[in-house]
Structure formats: C-alpha cells, structure tokens
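> Sharing a structure with you now.
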Amino acid sequence: MALRKLSSTDAFIVTDLDDVPSFGIVRSAPKILQGGAKDLARSMTYSFASFELKFGGASGGINAKPDVRIEAVESFINEIQEVVQDGSLGLDPGKGITAGGFDALAAVDGRNDIRFEIFEKNPLHVFLAGFGPAECADHLLGLDGRTVAIEGFGTHSVVMAELLIERGAKVVGISTLSGSMSNSGGFSAEEIREGWENREVNFVTEEGEEAEPAWKIFQCEADILFAGSKMGAVNHTTAEKLDIKALIPHQPIPFTTKALAVLQKKDCMVVPCFVPVAGPLFSYWVDDGTEIADIVSKASSEMKSALDEAAGHEDGLFLGSCYRAEAFLASWQKTLPFGRPLGS
200 MALRKLSSTD AFIVTDLDDV PSFGIVRSAP KILQGGAKDL ARSMTYSFAS
250 FELKFGGASG GINAKPDVRI EAVESFINEI QEVVQDGSLG LDPGKGITAG
300 GFDALAAVDG RNDIRFEIFE KNPLHVFLAG FGPAECADHL LGLDGRTVAI
350 EGFGTHSVVM AELLIERGAK VVGISTLSGS MSNSGGFSAE EIREGWENRE
400 VNFVTEEGEE AEPAWKIFQC EADILFAGSK MGAVNHTTAE KLDIKALIPH
450 QPIPFTTKAL AVLQKKDCMV VPCFVPVAGP LFSYWVDDGT EIADIVSKAS
500 SEMKSALDEA AGHEDGLFLG SCYRAEAFLA SWQKTLPFGR PLGS
C-alpha cells in the first residue's frame, strides 16, 4: 500500500498494489481519513481480482471545506493529470465531489467513454452500479415476493430500486443522509425516481416536515437489507438486532468483521461487497463498438459465476469469495495484500 501526498493542495492518493495500474474513487470533506481510503482501495483490488483483472485499487482524499472545495479539486486534477493520461492511475468522483468536477480527468482517462453513455435513463456506469446488487440478490435469493430495505440511498440506488421492483420485490424502507422512510406496502418505482430527481437525499420526508432518523431503517421489517451509507454502517450491535435473510452491499465495506460473525451465526447470508459493487468495471475496458446490452450481459454472467464458485465453500460465501480473489492475486503478485475488505 503506497501513499502519495499532493503538493498543490491538502490531498492524498493511496494505491494498494505496487507498480500496477490502479483505479478507484476520490472523496472530499474537511477531513478524509487515510485509513478509510486504504480500505476502499483494498475493496477495489478484490473486485478486480474477482474477475481476473490485473489492476489494483486506488482511493484519494481531498481535505477541503465546502467554500474552497472547487479550487482544491482543480488543483488535485492539475497535479495528477499526467499520471492519469499515461494510464497508471484512474480516479472517479466520490462523495463530496460533483460528477462534472472531474471532466478534465475523464477527458484524458484511457478507459472507454461508453461508461458515460445514457442507458435506461442513466449513465451506463450508474446503471451498472445499481444493477450489480440487484442482480446478485436475484441470483442468490430470488426477488419475487421479497421485501427489501435500502440503507444509504444514492444516485445509483434509483436504478437498483427500479430493478428490484421490476423483479417482484417490494421496497419497504429507504434511508438517506437526511433520514428514513418506510411503507409496508412498498414504494413505487415512479415515486422513488421522481422524489430523488426533485429532492435528492431530502425526498424521504415531506417539505417542512422532519424525517424519521436514518437508523430506523434497521428496524424496517425486510427480507433483504441493501447497505451502503458508509464503511462499517452495520456494526455488531446493529447486526444483533437485525432480522433479515440477507445483507447485500451496494457500496464498499458497509459491515464490520464483528457484524459478519454475528450475522453468519444467525444464518443470514452476507455477500462480500467486492462482487455486487463491481458492475461499472465491466464498462471500463471494452472494444469500441461493443453493444451496451453485451456489457450488461457480461456483468450479469460474471457476477453469477463468481458467486456460484464461492457459495459452496465450507467456510461460507464471504470467505469463499475472498479465497477466490486471493488465488488470482497470488497468480501474479509475489505477496498478497494484508487484510480483507471489512470495516473495523
């Protein structure tokens, strides 16, 4: 794990593997912790390894208050533009950075621009980010008749919710940074998309009213919990109170090591984050002229295959998936990175 501190602004980049093209996200806040960035980079490495891609994970942090963030992001982009252009690094905007704020980097990034093409009302990479968790859930448990709750709802979650509902599930709970809402009868796909497009994180409450606390999502009666508000969102205390059949990440590392142990003892299926969140990777390096439908189809088949190969392992789906990724890493790396993608 290498750390690079930038000179033009208060920012850093971590790369998980040495001398390997590395890709990931950059977040911005008044203080981004390096430990969290390292965890995100590790999760990305395992995503690549799960699909036999010889790349490493990366993650960056820009420490900046909102009033100076635009300038800080511009300085960050200017300083790393050369390494992005030569293909050794690729970074996408994460929390705290608008998608348009990274246009200058995207212009020199060697990954295929098809990831930005509109598909089913969203840029392809956003569609794939929502598609992965829904596809994994449907493959492992079946969605028809299931009740689901989405913790940490974001832009890609609109796609995820639409796919869940299309496949017969009821979305009975949603939480955002602003709070939560629930409906035992299920929310419609139309009201979810319209609410998000009009009010984003505030759509969980009526204007002028106070939302229910975000933590109430964990009290929602649902078969499947999709988690992703932050790293370690589900800790062991929360896990002990959950009555769910499966926990499926829609963002990296949403549960802790202790939470994993608690849920497995309760016979709850816990899916490793690095498989369902990997959807966008399938749009990065495709031949020009590739049809979007073929990209989506490949993402589906490869994710299902990865889950099937790991599901029968005597140590369970999570560790089976880790062993599978680590076996590929061992085939081309002299030493394995220390530590698995889990919250502390």
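Position in the sequence shown (first residue = 1) + 199 = the working numbering. Glycine included, C-beta positions come from ideal geometry on N, C-alpha and C. For clarity, every value in this text was computed on a predicted model and none was experimentally measured.
1) Quick one: measure Cβ to Cβ for Glu-439 and Val-461, integer angstroms, because I've assumed they're closer than 8 Å.
2) Go ahead and label Glu-350 buried or exposed: buried means 16 or more other beta carbons lie within 10 angstroms of its beta carbon, across all protein chains shown.
3) Should Phe-517 go down as buried or exposed, given a rule of 16 or more other Cβ atoms within 10 Å for buried?
4) Between the Cα of Glu-501 and the Cα atoms of Gly-515, Val-476, Gly-488, which residue gives the shortest distance?
5) Considering just the uninterrupted stretch of the alpha helix (DSSP H) at Ser-381, what are its terminal residues?
6) When the Cβ atoms of the stretch 267–281 are set against those of the stretch 445–463, are three or more pairs found closer than 8 Å?
7) Name the one or two DSSP bridge partners that Ala-348 has.
8) Does DSSP classify Val-433 as helix, strand or coil?
9) Just to confirm, is the Cβ distance from Ala-257 to Thr-297 under 8 Å?
10) Tell me Val-225's beta-bridge partners as DSSP assigns them.
11) Using only the alpha-carbon positions, how far apart do Gly-344 and Val-358 sit?
12) Classify Ser-504: buried if its beta carbon has 16 or more other beta carbons within 10 angstroms, exposed otherwise.
13) In its own chain, which residues sit with a C-beta less than 6 Å from the C-beta of Phe-481, not counting the 5 before and 5 after it?
14) Taking the alpha-carbon positions, what's the Ile-212 to Gly-542 distance?
15) For Arg-310, which of helix, strand or coil comes out of DSSP?
16) State the Cα-Cα distance for the pair Asn-277 and Thr-208, rounded to the nearest angstrom.
17) Could you tell me whether the stretch 365–374 touches the stretch 383–391, using the rule of 3 or more Cβ pairs below 8 Å?
18) Asp-337 to Arg-366, Cα distance in whole Å?
19) If you draw a straight line from the C-alpha of Ala-509 to the C-alpha of Ile-447, how long is it?
20) Between the alpha carbons of Glu-390 and Asn-397, how many angstroms are there, rounded?
21) Our contact map puts Val-485 next to Asn-321 with C-beta atoms below 8 Å; I'd like the distance itself, whole angstroms only.
22) Does DSSP put Gly-394 in a helix, a strand or coil?
23) Would you report the Cα separation of Phe-318 and Ala-526, rounded to the nearest angstrom?
24) For the alpha helix (DSSP H) that Ile-276 lies in, which residues bound it at each end?
25) How long is the line joining the alpha carbons of Arg-392 and Gln-418, rounded to whole angstroms?
26) Among residues of its own chain, excluding the 5 on either side of Val-325, which ones have a beta-carbon nearer than 7 Å to its beta-carbon?
Here's the rundown:
1) Right, the Cβ-Cβ distance comes to about 6 Å (below 8 Å), so this counts as a contact.
2) buried
3) Classification for Phe-517: buried.
4) Among Gly-515, Val-476, Gly-488, the Cα nearest to that of Glu-501 belongs to Val-476.
5) Per DSSP, Ser-381 belongs to no alpha helix (DSSP H); it is in the beta strand (DSSP E), 378–386.
6) no
7) Gly-372, Leu-424
8) strand
9) no
10) DSSP, once it has assigned bridges, lists Gly-259, Pro-292 as partnering Val-225.
11) 19 Å
12) Exposed, by the Cβ-count rule.
13) Only Ile-494, Lys-497, Ala-498 meet the Cβ criterion.
14) 20 Å
15) coil
16) 10 Å
17) Result yes; three or more Cβ-Cβ pairs closer than 8 Å.
18) 8 Å
19) 15 Å
20) 10 Å
21) Not confirmed; about 18 Å, so no contact.
22) helix
23) 34 Å
24) Run containing Ile-276: 268–284, per the alpha helix (DSSP H) assignment.
25) 24 Å
26) Thr-354, His-355, Val-358
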